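Right, one structure below, let's go through it.
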Amino acid sequence: MIALTFSLIAAAAGLAYAIWCGLWVLRQDEGGAELRPPYLAIREGANAFIRTQYLTILAVGVLLLIILWITPQFGFLTALGFAIGGLCSAISGIVGMWVAVRANVRTTTAAARQGLPLALQISLRSGAVTGFLVGALALASVSGFYLLLYSLNDTGPMDLRPLAGLGFGASLVSIFARLGGGIFTKAADVGADLVGKIEQGIPEDDPRNPAVIADNVGDNVGDCAGMAADIFESYAVTLVAAMLVASVTGSGENADQVYPLVLGGVALFASMIGIHTSRLSTHGTILSTLIRAVLLTIVLSAAGFYLASHWMPAGATSYTANSLFASALTGLAVGIGMVATTTYFTGTNHRPVQEIARASRSGHATNIIAGLSVGMESTLIPTLVIAAGVIAAYAFAGIFGIAIATVALLSLTPVVVAIDAYGPVTDNAGGIAEMAHLPEEVRQVTDELDAAGNSTKSLTKVFAIGSAGLAALALFGAFKLEFGSRLDGVSFAIDNPYILAGLFIGALLPFIFSGIIFKAVGKAAASVVEEVREQFKAHPEILTGERLPDYARAVRMLTRASIRGMILPGLLPVIVPLLVAFAWTPFGPHGSGAQLMGGILIGAVISGLILALMLSTGGAAWDNAKKYIEAGHYGGKGSPAHMAAITGDTVGDPCKDTAGPAINPMRKVLSLMALLLVPFL
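Just so we're aligned, residue 4 is where the sequence shown starts under our numbering, counting upward by one.
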């Protein structure tokens, strides 16, 4: 109970720190009247989208809640866990975005009046609100629900299966939040760029572009609310998977099951120190300040993990202190390795991005070819790093070691999400400065902040992809162990035809899923393009600056298109396990349903990991190749190479910000559905 109490205290401290950061941000100066029109338009657009999106999610969620409650194999506790997971996931995204859309104008004001240090502090502490809400709510929800299950257990081993319901609730909200926000933000971005930059030659965030407010709204609903729900789900699901594995493989003592929660508590305190002590030094850069916060958190977490690992065995775990600590360190090492690789493939000072920029001199097609090449090559090292991490963690503590490595990696969630959620705030701050016609030196400050934000966003996307891959593996381990404990004699050998068939189907799913998403983004972007062209045609005075565009029309149109577009791909990973359980298992050979489902899970994990890496890293490389040219290389802005790079960036946007990130929750929804459906397989 001491360990569980520690995790709950850490979660409470994390929530308190998030509240303190939010109140500190809101106390900062909001600025003059000239900033209010764009600021209010962004805020109202974001609120309208979130309201519509979450009403849709609520309708689906209530239906599933009722089904879980009335099904005897699940019951009230699983339904309660589902509700808790979904609610906490929604809160982390909505509240984080609520603060972000109020921090943007304060960052602009600080950039105009006090300069870079205060603007950085406001945007980073705004990101910290989201980061610590995600980390603390994930830890609090899992710890609190575990405490409830513990208190209801009179004798014998605890039944932790209702925890899978909590993970499923978080996953459901996550996949819809990622999809809806991603479709909105990238359709707005693509539509605004195609007509604004390429056809009319007006700069980014120009107030004459009717899609400019939708573009800024998209930064918040996609890169803040959607990302927060995604990583909350990864963290909560990983904690659940580790505890489920411990309940099957461990000694039966609670120490095994609460050890992952202790790691989360340790890292929460380490993240507070890392974020709170981050300051822009005299000779340092913004990016180095952010990276320093992450590295300090990693060092402090590693030290805390060592102490926790040597303290917990006193509670009678099944593993040695050194094996637990080594597994946790493996997770941290995997994260560092993946981030280092991403920095190489997406940095403007490295060869891959420069090759894409160089290829842009030959035209649009060669830019696309070079970007595809970089995206595919970028999958090599991260995949090998994850493979090595899986082997090492398994050698230290079996399947539980893999789960612990994943928990250790995701325990960095507060600081990682903080430096990611900082990005939309600085992006919006620059947009507000441009739309309010503030002096060029203000835009220089916001551009410097935004450049660092673009770098951190690519790092955190790979963090999310890698952790999601490991989390899905841990969930597969829980599925296999749970099924094995129910039905002896069922083989999961690779030469089994049902396993092989499942591998093919599972490997296919991320591609079908991504294809549906790309189609949804394309349709929504086409509607934005037509809307912007129509406004320019009907009111030519918009381009001369004599008349303001109707920003709200583009926001309303994109909201409807995004909600429609998220339904089918969001339900895909729910439908497939249901088909296996109720369309195949009753008629197939004994145990074949579980074998087919196991193959589907592994196939989706492997192909989804590699596809997500390719899309996210390749998209970021296209984006930074454009920025490299805009910095004055190969003709600079307005050159033929720049036009080709804009096309590449436009193609890369839905890759890195919609399809790539959305594959993460898809794999985990698939795994959790399989885990919940074990009684029917």
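We put the beta carbon where it would ideally sit given N, CA and C, even for glycine.
Small disclaimer: the values here were computed from a predicted structure and weren't measured.
Alpha helix (DSSP H) containing residue i: first to last residue?
{"i": "H367", "result": "H367 to E380"}
{"i": "R164", "result": "Here R164 belongs to no alpha helix (DSSP H), and DSSP marks it neither H nor E."}
{"i": "T620", "result": "S595 to E633"}
{"i": "V132", "result": "L119 to L155"}
{"i": "R282", "result": "Looking at the DSSP string, R282 is not in any alpha helix (DSSP H), and its letter there is neither H nor E."}
{"i": "V386", "result": "Note on residue identity: the sequence assigns Thr, not Val, to residue 386. Its alpha helix (DSSP H) spans residues L383 to L413."}
{"i": "V337", "result": "A324 to T349"}
{"i": "S10", "result": "I5 to L29"}
{"i": "E437", "result": "T416 to M438"}
{"i": "H636", "result": "From DSSP, H636 is part of no alpha helix (DSSP H); its letter is neither H nor E."}
{"i": "L299", "result": "I289 to W314"}
{"i": "S530", "result": "P500 to A541"}
{"i": "P41", "result": "R39 to I73"}
{"i": "G657", "result": "Looking at the sequence itself, residue 657 is Pro, so the reference to Gly does not match. It spans P643 to P657 - the alpha helix (DSSP H) in which P657 sits, taken as one unbroken run."}
{"i": "L679", "result": "G663 to L679"}
{"i": "R354", "result": "R354 to A362"}
Whole angstroms are fine: how far does the CA of residue j sit from the CA of residue i?
{"i": "A214", "j": "G184", "result": "16 Å"}
{"i": "S126", "j": "V98", "result": "15 Å"}
{"i": "S610", "j": "V302", "result": "32 Å"}
{"i": "I519", "j": "A504", "result": "23 Å"}
{"i": "G78", "j": "L71", "result": "6 Å"}
{"i": "R30", "j": "V558", "result": "29 Å"}
{"i": "A317", "j": "V265", "result": "Summary for A317: the model assigns pLDDT 46, below 50, so the residue's position carries little reliability, and this model does not support an answer."}
{"i": "Y685", "j": "R364", "result": "Outside the shown range of the chain, which is 4 to 684, sits residue 685, and nothing can be said about it."}
{"i": "P92", "j": "S177", "result": "Looking at the sequence provided, one finds Ser at residue 92 rather than Pro. If I take the Cα positions, the gap works out to 7 Å."}
{"i": "V681", "j": "I613", "result": "27 Å"}
{"i": "S237", "j": "G338", "result": "14 Å"}
{"i": "G641", "j": "D652", "result": "15 Å"}
{"i": "I234", "j": "T416", "result": "7 Å"}
{"i": "G25", "j": "S129", "result": "6 Å"}
{"i": "G96", "j": "L150", "result": "25 Å"}
{"i": "V2", "j": "L478", "result": "For residue 2 there is no data in the structure shown, the boundaries of the chain being 4 and 684."}
{"i": "D498", "j": "P580", "result": "22 Å"}
{"i": "D1", "j": "L182", "result": "Residue numbering for the chain in the displayed model covers 4 to 684; residue 1 lies beyond these limits and cannot be assessed."}
{"i": "A455", "j": "I289", "result": "6 Å"}
Exposed or buried, what is residue i when buried is set at 16 or more other beta-carbons lying within 10 Å of its beta-carbon?
{"i": "E451", "result": "buried"}
{"i": "A373", "result": "buried"}
{"i": "S146", "result": "buried"}
{"i": "S10", "result": "buried"}
{"i": "T459", "result": "buried"}
{"i": "D218", "result": "buried"}
{"i": "T8", "result": "exposed"}
{"i": "E437", "result": "buried"}
{"i": "K540", "result": "exposed"}
{"i": "N667", "result": "buried"}
{"i": "S674", "result": "buried"}
{"i": "G639", "result": "exposed"}
{"i": "M341", "result": "buried"}
{"i": "Q76", "result": "exposed"}
{"i": "A319", "result": "A caution first: A319 carries a pLDDT of 49, below 50, which makes its placement in the model too unreliable to give a value."}
{"i": "D660", "result": "buried"}
{"i": "T188", "result": "buried"}
{"i": "T344", "result": "buried"}
{"i": "S470", "result": "buried"}
Comparing C-alpha positions only, which one of the options sits nearest to residue i?
{"i": "W27", "options": "G96, V132 and A36", "result": "V132"}
{"i": "G34", "options": "F516, A114, T59 and L83", "result": "A114"}
{"i": "A306", "options": "A331, H367 and L293", "result": "A331"}
{"i": "G568", "options": "G88, Q117, F179 and L169", "result": "F179"}
{"i": "P576", "options": "S517, Y554, R670 and M646", "result": "R670"}
{"i": "D222", "options": "F52, T112, L618 and M246", "result": "F52"}
{"i": "N107", "options": "A481, V428 and A439", "result": "V428"}
{"i": "L58", "options": "T110, I570 and G601", "result": "I570"}
{"i": "G192", "options": "S174, N212, R181 and M379", "result": "Checking the displayed sequence, the identity of residue 192 turns out to be Asp instead of Gly. Ranking the options by Cα distance to D192, first place goes to N212."}
{"i": "G434", "options": "I69, G366, T81 and P210", "result": "P210"}
{"i": "L152", "options": "A270, S144 and D162", "result": "D162"}
{"i": "T241", "options": "A228, V261 and G229", "result": "V261"}
{"i": "K464", "options": "D226, T300 and S250", "result": "D226"}
{"i": "A329", "options": "T620, F403, A143 and M379", "result": "F403"}
Cβ contact (3+ pairs, closer than 8 Å) linking the stretch 525-540 and the stretch 551-565: yes
Is the stretch 625-635 in contact with the stretch 654-670, if contact means three or more CB pairs nearer than 8 Å? yes
Is the stretch 288-303 touching the stretch 264-279, taking contact as three or more C-beta pairs under 8 Å? Two segments are said to touch when three or more pairs of C-beta atoms, one from each, lie closer than 8 Å; by this definition the stretch 288-303 touches the stretch 264-279.
Can at least three beta-carbon pairs, one atom from the stretch 392-412 and one from the stretch 331-347, be found at a separation below 8 Å? yes
I'd like to know if the stretch 536-548 and the stretch 164-174 are in contact, where contact means that at least 3 CB-CB pairs between them fall below 8 Å. no
Taking contact to mean at least 3 C-beta pairs separated by less than 8 Å, is the stretch 48-64 in contact with the stretch 115-123? Counting C-beta pairs closer than 8 Å gives fewer than three between the stretch 48-64 and the stretch 115-123, which falls short of the contact rule.
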